[in-house]
Every structure is written in C-alpha cells, then in structure tokens.
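Worksheet for the structure shown next.
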Amino acid sequence: MAFIDIGIRQGSDVHARRAPLYEGGGKRVFDLAVSLALLPLILPVIIVLYCLVASTGQGGLYAHPRVGRAGKVFRCWKIRTMVPDAQAALPAILLARPDRALEWALYQKLTKDPRVIPGGHFLRRTGLDELPQIWNVLRGDMSLVGPRPVTLAELHSYGDARHAYQRVRPGVTGLWQVSGRGILLFAERASLDERYARQPSFMGDIKIIARTLPVLLRPTGY
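In terms of the working numbering, the sequence shown opens at residue 1 and continues consecutively.
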C-alpha cells in the first residue's frame, strides 16, 4: 500500500497534542478560502450533473446521514448514483451472492453494484458525485481534506480507530483517496484515515489536494 508523506510521525498517538494554529482555526479559514474560490467553477458542473441525473427520474441529489467531528451527525450531499432506498436493498443482494458478500466484507463496496443507476459508475469512479459536498464544507460539517465521512453503522465497526473519525471533520478528499482509493481494503482505508487524524497539517493538506486531481484523472473508485 503506497501513501504520500504528510509529515506525520509513525506510531504517534491519535490523542497526541494537535497543531494549535492550523487546527485551532487555520484549517477552517483555509477550507472557506479555497471553497469560495472554487465555487464559481464547481457550481455549474453540479447543476449540469443534477439536471442529467434528474432527467432519468431518479432525483438529482441525495443526502445521507454521516458522522462528523465530535460525533455530530450531518447530512452529506452527493449527486445521486444509486436507486432510491439502495441501503434497504443491500442485504438481499449480499444474501443472494456470497461472492458479493465477501467483497463487501473486505471493501465495503461492490465493483458491479446492481443498485447503481445508468451513468452512476462514471460519476463514482471520477468522484464527480461528491462535488455537492462543497456545501458541507461551507457549512462547517466537513473539511476539504480529512477522513472519509462514515455512517454510524460503519463507525461502530472501526474499533479503536473510530475515535479518529470524531477528532477532525471528515473530508471531501483525504489520504486514502490519494493512496489507492477504491482498490484499498476496508482496514487499509481505516488505517490511512486514522494516520491523517493524528496530526493534520497545512502542508499535508496541500500535498493531498495536489494529488487529488491526478488520481481523479486515473479513476479507481467504484
């Protein structure tokens, strides 16, 4: 598993002293400045994607409850890529196909997910479905860089690593997204998220953001 160096000491504790200047307000200022600068570019893309998906009759946007900093539950916005009530359909899909059940246990994702609507795989591979999360960043629910936003059910499966997901705001991009993204095992993603949460830094965030676009141009998500 390859990952970029963001200046975090190996083995440092997740509850170690934080960088007071950046985490005390600098990271939030950075999020707002970059998000507001990108908004004129991102908003037209969101509108086009919304119209394209809505034209299929599925509804262009959806919000799903996720757990953020300090355990706060918020509505995480995305372009719709799955049929309505996709979560309710998952148990039957896994029960019918043991191979899919094994894949879900390892990755918490399915490469050929029957719940995905036409065009949804492209949006998920490229990460375009996550563009509406800029609204979550502006609201303060999320950060540009951080651990992936997880559901409450997922949080309970992380064991001791769950504390890392409540120490910092979840991110639109993060260390795991630029270190393999969809090809990483569930445990590997959790390890990278925990590693980032130990000590976020300005230069680390810059490195991750700089690596995000090349990763999207070589899509590995699903």
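Ideal Cβ positions, reconstructed from N, Cα and C, are used throughout, including at glycine. What you are looking at is a predicted structure, and each value in this text was computed from that prediction instead of being measured.
For this session: Give a yes or no on whether the C-beta atoms belonging to Pro-132 and Pro-147 are separated by under 7 Å.
Result: Indexing the sequence shown from 1 puts residue 132 at position 132. Indexing the sequence shown from 1 puts residue 147 at position 147. Result no, Cβ atoms of Pro-132 and Pro-147 do not sit closer than 7 Å.
Exercise. Where do the ends of the beta strand (DSSP E) carrying Arg-66 lie?
Worked result: Position 66 of the sequence shown holds residue 66. Looking at the DSSP string, the run of the beta strand (DSSP E) that includes Arg-66 is 61 to 67.
Exercise. Helix, strand or coil for Met-142 per DSSP?
Worked result: Looking up residue 142 in the sequence shown gives position 142. In this structure, Met-142 counts as coil in the three-state DSSP scheme.
Problem set entry | For Val-172: DSSP bridge partner residues | The residue you call residue 172 lines up with position 172 of the sequence shown. Note: Val-172 sits in no beta bridge, so no partner.
For this session: With a floor of 4 residues, list each alpha helix (DSSP H) that falls wholly inside the region 52 to 109, ordered by position along the chain.
Result: 86 to 96 and 98 to 107
Exercise. Using the rule of at least 16 other Cβ atoms within 10 Å of the residue's Cβ for burial, across every protein chain shown, is Pro-149 buried or exposed?
Worked result: Sequence index remark: in the sequence shown, residue 149 carries index 149 (1-based). Pro-149 should be labelled buried.
Exercise. Anyone know if the C-beta pair for Cys-76 and Arg-66 falls short of 7 Å?
Worked result: For the purposes of this step, residue 76 is taken as residue 76 along the sequence shown, with counting starting at 1. For the purposes of this step, residue 66 is taken as residue 66 along the sequence shown, with counting starting at 1. Yes.
Problem set entry | Endpoints, the alpha helix (DSSP H) within which Arg-125 is located | Along the sequence shown, read from residue 1 onward, the residue named residue 125 stands at position 125. It spans 120 to 126 - the alpha helix (DSSP H) in which Arg-125 sits, taken as one unbroken run.
For this session: Return the CA-CA distance between Ala-105 and Ile-93, expressed in angstroms with no decimal places.
Result: In the sequence shown, residue 105 corresponds to position 105, counting from 1. In the sequence shown, residue 93 corresponds to position 93, counting from 1. A straight-line Cα-Cα distance of about 13 Å links Ala-105 and Ile-93.
Exercise. Among all the DSSP beta bridges, which residues are the ones paired with Val-150?
Worked result: What you label residue 150 is simply residue 150 of the sequence shown in a count that begins at 1. Looking at the DSSP assignment, Val-150 forms a beta bridge with Val-67.
Problem set entry | Secondary structure of Val-178, DSSP reduced to three states | The count along the sequence shown starts at 1 and reaches residue 178 at position 178. The answer is coil: DSSP assigns Val-178 none of H, G, I, E or B.
For this session: Within 10 angstroms of the Cβ of Met-142, are there 16 or more other Cβ atoms? Answer buried if so, exposed if not.
Result: Stepping through the sequence shown from its first residue, residue 142 is reached at position 142. The residue in question, Met-142, is buried, as its Cβ has 16 or more Cβ neighbours within 10 Å.
Exercise. If you follow the alpha helix (DSSP H) that Ala-226 is part of, which residue opens it and which one closes it?
Worked result: Residue 226 lies beyond the range of the chain shown here (1 to 222); nothing can be said about it.
Exercise. Can you tell me the Cα-Cα spacing of Leu-110 and Glu-103, whole angstroms?
Worked result: Indexing the sequence shown from 1 puts residue 110 at position 110. Indexing the sequence shown from 1 puts residue 103 at position 103. If you take the alpha carbons of Leu-110 and Glu-103, they lie about 6 Å apart.
For this session: Tell whether a beta-carbon distance below 7 Å holds between Arg-124 and Thr-81.
Result: Translated into positions along the sequence shown, residue 124 becomes position 124. Translated into positions along the sequence shown, residue 81 becomes position 81. A contact, by the Cβ cut-off of 7 Å.
Exercise. Among Ala-54, Ile-117, Leu-155 and Asp-31, which has the Cα closest to the Cα of Ile-134?
Worked result: Walking along the sequence shown from the start, residue 134 turns up at place 134. The shortest C-alpha to C-alpha distance from Ile-134 to any of Ala-54, Ile-117, Leu-155 and Asp-31 is the one to Asp-31.
For this session: Could you check which residue in Val-53, Met-203, Leu-38 and Gly-24 has the C-alpha nearest to that of Pro-84?
Result: Stepping through the sequence shown from its first residue, residue 84 is reached at position 84. Nearest of Val-53, Met-203, Leu-38 and Gly-24 to Pro-84, Cα basis: Val-53.
Exercise. Quick check: the region 20 to 35 against the region 198 to 217, are there 3 or more CB pairs under 8 Å?
Worked result: These segments touch.
Problem set entry | Between the CA atoms of His-121 and Gly-60 - distance to the nearest angstrom | Position 60 of the sequence shown holds residue 60. Position 121 of the sequence shown holds residue 121. Rounded to the nearest angstrom, the two C-alpha atoms are 15 Å apart.
For this session: Starting from the C-beta of Ala-161, find all residues in its chain whose C-beta is less than 6 Å away, skip the five residues before and the five after it, and write them out in chain order.
Result: Position 161 of the sequence shown, counting from 1, holds the residue named residue 161. Cβ within range, chain order: Ala-190 and Glu-194.
Problem set entry | Outcome for Arg-167 when other beta-carbon atoms lying within 10 angstroms are tallied against a minimum of 16 | Locating residue 167 in the sequence shown gives position 167, counting from the first residue. With 16 or more Cβ atoms within 10 Å of its Cβ, Arg-167 is classed as buried.
For this session: Take Gly-159 as the anchor and find which of Gly-174, Ala-187 and Val-172 has the nearest alpha-carbon.
Result: Counted from its first residue, the sequence shown places residue 159 at position 159. Looking at the Cα atoms, Ala-187 is the closest of the given residues.
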